[in-house]
Amino acid sequence: MSLIEAIIFGIVQGITEFLPISSSAHIVITQLIFGYTFPGLSFEIFLHLASVLAVTLYFWRDLLNIIKGFFKYIFKRHREDRVQFFFGIYILIATVITGVLGKLLSDAAGDSIKTPQFIAGALIVTAVALIFIERFHRTGNKTEATMGVKDAVLIGLGQTLAVIPGISRSGSTLVVSLLAGLNRETAVRYSFLLSIPVILGSTVLAVDEISSSMIDYIGPANLVVAFIVTFVFSIIGIIWLIEFLKRSKLIYFALYCFALAIYVFFFIDQGIIFEVE
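The opening residue of the sequence shown carries number 4 in the working numbering; numbering runs sequentially from there.
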């Protein structure tokens, strides 16, 4: 792998991880363009570590408040800590649902969900969902103080679909959060905070796939560069998305997903399966 390619992979992973356009679809498309197959999921997992580090550092105050409030409520039962306690519970509920059902769905589907045709279809589903929630659904007024277990379960189920390349994790959590009646600010915050245990959990479970063969295949220097670039562009993606959603619409991401789906469907060989070996 060249240094330029390592930088491009880092930019793609960093920018797309938190935008509602499916990072997994972009990574496999980028692999195909450059003609790479990586040992296991090692390279993608390595880049995910940079993304989860970025979102953790960006939201460290929120995380600290949730953790402090969670344990203070358990041991002291202070009323002011109740919201943080239950918000932490809702994050755990959605994470467990995603972890268990996502693993089952991924194992059952296998490589059948990695064909260009399937990815194009999944991108269209993401686009339609974004258009529906933006154009045909009235935003609710639930906050972290008024959401409930049912909301967390629904959002966890929606996030589970993101194991399919082309179904965006951030997009699915945003759409289901808004469908459940969360207001826009709470939906965005919940989506970002939920990404931390989900990405970190999936990374830890598969960390044994980060092997010496992957390091030799890509090169130590290129791995360091890709990690740094992913981290930087993940921060940029987080900041940009938060500011973008304050003044603009999800429909623009839907249009992008439609355009990418058309490209994948018509210009990528339909006989190819994106095997990451």
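All C-beta atoms, glycine included, are put in the ideal place defined by N, C-alpha and C.
No residue range can be given for S171, since it is assigned to no alpha helix (DSSP H) and is classified by DSSP as neither H nor E. Runs of the alpha helix (DSSP H) spanning 4 or more residues and lying entirely within the segment 34-117 occur at 45-61, 63-79, 85-112, in chain order.
Here L56 is not near Q16, since their CB atoms are 8 Å or more apart.
Taking 8 Å as the upper bound for CB-CB distance, G169 and I122 are in contact here, some 4 Å apart.
The residue from W63, D65, R64, D84 with its alpha-carbon nearest to that of F73 is D84. Non-local beta-carbon contacts of F21 in its own chain, meaning distances under 8 Å to residues more than five positions away in sequence, involve S54, V58, S173, F195, S198, S237, G240, I241, L244 in chain order. Cβ contact annotation for F90 (same chain, cutoff 7 Å, sequence separation greater than five): I69, E147, in chain order. For L253, the three-state secondary structure derived from DSSP is coil. DSSP links L185 through a beta bridge to K145. Rounded to whole angstroms, the Cβ separation of V267 and I32 is 7 Å, and the two are in contact under 8 Å.
Taken through DSSP and simplified to helix, strand or coil, P200 comes out as helix. Bounds of the alpha helix (DSSP H) holding V128 are 119-138. Exclusion of the five residues before and after E137 leaves K252, L253, I254 as the residues of its chain whose Cβ lies within less than 7 Å of its Cβ. Look at E20 here: in three-state DSSP terms it is coil, with no helix or strand label. In this structure, F12 sits near A229, with a CB-CB distance shorter than 8 Å.
Taken atom to atom, the span from the alpha-carbon of E188 to that of I96 is near 20 Å. Distance check between N144 and each of L185, F256, T176, Y193 places L185 closest, using alpha-carbon atoms only. Between I265 and L35 a beta carbon distance of about 16 Å is seen, past the 8 Å cut, so the two are scored as non-contacting.
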